[in-house]
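Residue numbers (this note's numbering): 8 to 232.
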């Protein structure tokens, strides 16, 4: 078979056409690959942003946790201050028998404080609460203790001042000797968290012959009222 010029021309044209088709297919593939690379790049950027966002959220969460821990420490400190402060409003009243107090101990204590200091104890609202506790130290001759919390610290201090200045009192047929341990008189209204004050109340009954004597009561303020 003789290869003529026309045959060669057609053959070259066919080759060029096929090369053109291959070139178009290659361009299409390259375009698809570029699109996929772009999409992968976008995904990577999104992942990086997500990681950054989560890192920021985690850092924010740690800051909030640190803040909450600090607030918790502050609240605990305030609670301790409040507890210590509330103890300073306590009065320990020793020597009153339960049967003498009657059913309403708060009313009895309010009346007793009123007899000592006029309007200070006249209202029940002046007292937060009152309750009897075990004698300290315990023993056959131990006198009962009553803890009375006065709502206002300065009123409690003024009661103690009266106890220091006028220790001999009479209330409901009982003779009481008040022993008030407080801050020095010039500083009587200065609140000191580390000091608790006590009123010692002792009585020799004028009606039932109670043999206990005021001289048996001695002591100083305690910090664990």
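Glycine is no exception: its CB is placed at the ideal position from the N, C-alpha and C atoms.
Quick one: give me the first and last residue of the alpha helix (DSSP H) that residue 177 is part of.
In the chain shown, residue 177 corresponds to position 170, counting from 1. Unbroken run through residue 177 is the beta strand (DSSP E), 175–178; no alpha helix (DSSP H).
Could you pull out every residue in the same chain whose Cβ sits closer than 7 Å to the Cβ of residue 48, ignoring the five residues on either side in sequence?
Residue mapping note: residue 48 aligns to position 41 of the chain shown, counting from 1. Result list for residue 48: empty, nothing under 7 Å.
Just to confirm my understanding: we take residue 13, look at its own chain, exclude 5 residues before and 5 after, and list those with CB closer than 6 Å. What are they?
What you label residue 13 is simply residue 6 of the chain shown in a count that begins at 1. None.
If you draw a straight line from the alpha carbon of residue 15 to that of residue 45, how long is it in whole angstroms?
The sequence position of residue 15 within the chain shown is 8, counting from 1. The sequence position of residue 45 within the chain shown is 38, counting from 1. Straight-line Cα distance between these residues: approximately 44 Å.
Taking the alpha carbon of residue 162 as the point to measure from, which residue in 96, 174, 113 has its own alpha carbon closest?
Translated into the one-based positions of the chain shown, residue 162 becomes position 155. Of the listed residues, the one whose Cα sits closest to residue 162 is 96.
Give the single residue among 137, 101, 87, 120 whose Cα lies nearest to the Cα of residue 111.
Walking along the chain shown from the start, residue 111 turns up at place 104. Looking at the Cα atoms, 137 is the closest of the given residues.
Any idea which residues DSSP pairs residue 139 with across the strands?
By 1-based counting over the chain shown, the position of residue 139 is 132. Answer is 153, bridged to residue 139.
Host alpha helix (DSSP H) of residue 123 (start-end)
Mapped onto the chain shown, residue 123 falls at position 116. Unbroken alpha helix (DSSP H) run through residue 123: 112–124.
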